[in-house]
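Numbered as in my numbering, the sequence shown ends at 807 without a single skipped number. The structure appears right after this line, and notes come after that.
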Amino acid sequence: RTRAEKAYADGNYQQAYTGFQQLLLDPATQAETEFPNDLARAIQCLQQLAQTDKVDALLEQTLKVHAKNWRAFAAVAQQYLSQQHDGFIIDNQFRRGHYVGNGKRVNATARDRVRALQLYRQAISLAQQKASPSEIAGLHIDYAAAFLYQHEYAVWRLQLLTDLDTLPDYDDQQVYYSGRSEVRAPAQADGKPLFFTLPTTYAKAENDAQRWRWLLEQAQLINPSVSEQVTYLKADFFRRLYGEQTLTPSYSYSRRRHAQPAATNDVANMLSVRDLGENETMARLASGIQRFNLPDEFNYILLYKKLASGTAYRSIGLQALAEIFENRQQYGKAAAYWRQEIANNNSYTEHAKERLQAITAPWGQFETGEAQAAGDPAKMQFRFRNGKQLAISIAPIKIDRLLTDVKKYVSSNPQNFDYDKYNIENIGYRLVEKEESRYLGKPIATWDEALDPLADHFDRRVEIKTPVTQAGAYLVTATLKDGNVSRIIIWLNDTVVVQKPLDNKTFYFIADAKTGKPIADMHLDFFGYKRDYVDLPKPLDKLRYKTTVKELDKQTDNQGFLLLDTKEQNSNFSWLLTATNVQGRFAYLGFHGVWSGHYSDQPYNNTTYLAITDRPVYRPSNTVKFKLWLQQADYNQIGSAKSKYANRDIKIEIHDPRSQRIFDQTLRTDAFGGVNAELMLAADATLGVYTITAPNSGAYSNASFRVEEYKKPEFEVTVQAPQDSVLLGDTITANVTAKYYYGQPVSNGTVKYKIYRYSHDTRWYPTGHWDWLYGYGFGWFAYDTPWYPGWKEWGCFRPLPYW
């Protein structure tokens, strides 16, 4: 073992595997504490050698050698659960891993789980006479955990009773289960939650969940010292099934709060977690969201309280209780449990202090806002809790100085481009984190704002009005008494810049930010740059950058317009536009790129044609009758303009499926640009699709018809399958009937049948106002717009797929 461990540490995996394999397959080796490690090391060697297809043989050979040793069975069972479950069927043999060939790809998750359960059952049987009570109890706990394997989210599978006497076949699917990432507890037929009760014996268990419960109960009866561990396992499982965190799309403890208390109507009360008692819960079941009472044996709060009053799992119980009441928005109770955890004075103390501080300390922050029009007092949304007094300071930002410095920096041809010095949009980061106070003026307004916090540590949102009305950018700093500092930049705009790409040009429009009226005679300063690699001659033969700068001075017309040709404003440059006038107006745009398309109306002037045949399908020897119209798709035509292709000679060709030309005629069009003709198909005409074209017309469309042989069926086959839904594993009956059309049965026929299973997915969308016009669910395909003022109060977040 020492030599094998050294070889493994040195990366000599083949030598190490030989040593571990010798240990595992030697009957004299006792499967004591080293045995699981020997087995794990041997499999790790095979994985390093890309020989995972040998894992199964090694596991089964190990069992044969140690057929009476319970430790070997337990170790092999654990390895079956730990293995990569993907593999291939090659020559009717399963080979585990990705690199074993090009056979049929399968998944062994279900099979590996059942095999592990079989081995744990045998291990317990073998251990009854030789193992200690603590070891037997541990086997029961491991055996119970194996029943939950790969069922943590597909909880509905625990309603099944796994057949432990027969190994299931390999699954064709690469993934054992699929579905949403959140846990959804099973429900009864009436929609109420299904509880997995404790059976009186293992044999009387009706499903795997009851087997799990019975094994855990036996573990603590055999060895009472594992009672706390068993309580924790039950509390954790029942919480994942019935806990309030199942209401969110994922299992998390994120602090989700309402800005104001919930309404007092019945629906709001049903959906409110704030008034949940400790004997009830609200969870997302398979039947939907339900609020219900928890029996004591399933009440995870009672189980965690039991742990919190113990020793080994005390911290786990206290933290779980604190997080549960945080999720329930019962922050007073959560704070009490965090204080108890702090009193424990262990490695989790600092974490508990942070969580307690997050609940009880004064805290506030500005909500993300939008630019506002100058002239009216600026307003801000502030969200806070626990605080009662806010000190506010507003200082102007010297944007003109910032833009000047950015231009100087870019013009200096820097080799190592500092993004922070270039990024003018991130001015807040530079002012706060980089402490670039040179861009900040003296405060123009300071005052104290009295706050009225909500009870029970809830968040509240208030609107703060400022005395600032003049156009510009301002840094607002809010200091909550005994709390944190929050900052936000507000923009008051008197002028806006609109940019739009045109055909080989870029259009700019300067307007008043409040009224939208154009502003004439605005001075527009364009600063553009591009960076190129340059090779310097030796000895300076290093790859360097060269920055090219270009500046333009322009003026808007009396409508606030400016058109720039691409020759003037090169699209290879990044541009910064500054708009000013003598009245003191100011706006900027950039850095931004310019682009212009080479737009044309060609798609609206294409020549196209429409061809129809008297039938879609023909048989050999049939006559094909067809008519074809040519026209120019010009949407500028007025009224019934004469066709461009009227009274013209048009060449028409028909090609068979082998691209052989079988029809070639020049036909005269009528007043509508149409021609008609016939084609007699040969008796041995090629079967397939024939195409009709007008090759010299300049048209881009084509038309087609099919030629097929047809034989009237002599008999009819019908299948009568069950009309109701069936479960996997059920036996069903289907009647297959074959009758000639004159009524007699088709006797002594050979029947081949296949049963196909496929996945079906659907989305549910509430009815929208415009569904009648645009289709079901139309309104839910739009993007969320939380940036729009008030949208969070009346808008609806669009449903998202679980991925």
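Even glycine gets a Cβ: it sits at the ideal position worked out from N, Cα and C.
9 Å Cβ cutoff met for residue i and residue j
| i | j | result |
| --- | --- | --- |
| I401 | G476 | yes |
| T473 | L496 | yes |
| I493 | Y478 | yes |
| V679 | I656 | yes |
| R217 | T201 | yes |
| W503 | V414 | The amino acid at residue 503 is misidentified as Trp; the sequence shows Gln. No, these two residues do not count as a Cβ contact at 9 Å. |
| Q88 | R100 | yes |
| P447 | A399 | yes |
| L219 | A148 | yes |
| T695 | S708 | yes |
Selected residue, minimal CA-CA separation from residue i, among the options
| i | options | result |
| --- | --- | --- |
| S490 | I514, N739, G432 and A459 | G432 |
| T6 | F24, Q18 and G15 | F24 |
| A44 | Q664, L219, I658 and L85 | L85 |
| T611 | D539, L685, N700 and W579 | N700 |
| L671 | L458, P661 and W633 | W633 |
| Y157 | Y174, I145, A290 and A32 | A290 |
| F721 | Y778, D728, V750 and F709 | First, the amino acid is wrong: residue 721 is Val here, not Phe. Of the listed residues, the one whose Cα sits closest to V721 is V750. |
| N576 | T551, P228, T582 and T560 | T551 |
| A79 | D146, V110, S319 and L164 | D146 |
| Y304 | Q334, L237 and T353 | L237 |
| A482 | N420, G247, K425 and P366 | P366 |
| G107 | A114, Q97 and D116 | Q97 |
| P790 | V730, F709, G373 and N348 | G373 |
| M286 | P299, G247 and R318 | G247 |
| L685 | I666, I128, K631 and D424 | I666 |
| V480 | Y714, D57, Q369 and Q323 | Q369 |
| Y745 | K756, Y533, K716 and H764 | K716 |
First and last residue of the uninterrupted beta strand (DSSP E) at residue i
| i | result |
| --- | --- |
| P661 | Looking at the DSSP string, P661 is not in any beta strand (DSSP E), and its letter there is neither H nor E. |
| S578 | S578 to T584 |
| W633 | T627 to Q636 |
| R387 | K383 to R389 |
| V502 | T499 to L506 |
| L683 | G678 to M684 |
| K512 | Just to set this straight, residue 512 is Tyr in the shown sequence, not Lys. That run of the beta strand (DSSP E) goes K509 to D516. |
N-terminal and C-terminal residue of the alpha helix (DSSP H) that residue i is part of
| i | result |
| --- | --- |
| R295 | First-last for R295: G292 to N297, but that is the beta strand (DSSP E), not the alpha helix (DSSP H). |
| E139 | P137 to L152 |
| Y236 | S231 to Y246 |
| S129 | T113 to A131 |
| D404 | I403 to S415 |
| D169 | Careful: D169 lies outside any alpha helix (DSSP H) and carries neither H nor E. |
| F590 | F590 -> not in any alpha helix (DSSP H); beta strand (DSSP E) instead, spanning F590 to H596. |
| G23 | Y17 to L28 |
| A13 | T6 to A13 |
| L198 | That residue, L198, is in no alpha helix (DSSP H); it is neither H nor E in DSSP. |
| E64 | V59 to V69 |
| W774 | Taken as a continuous stretch (DSSP letters only), W774 belongs to no alpha helix (DSSP H), as it is neither H nor E. |
Local conformation of residue i per DSSP, three classes
| i | result |
| --- | --- |
| V730 | coil |
| I736 | coil |
| Q334 | coil |
| I666 | strand |
| V721 | strand |
| G432 | helix |
| G107 | coil |
| W791 | coil |
| Y423 | helix |
| K134 | coil |
| Y760 | coil |
| D212 | helix |
| W798 | helix |
| Q393 | strand |
| A449 | strand |
| V711 | strand |
| D460 | helix |
| A742 | strand |
One or two residues paired with residue i in a DSSP bridge
| i | result |
| --- | --- |
| T551 | R535 |
| S490 | A482 |
| Q82 | For Q82, which the question treats as bridged, DSSP gives no partner whatsoever. |
| M286 | R295 |
| I94 | Q97 |
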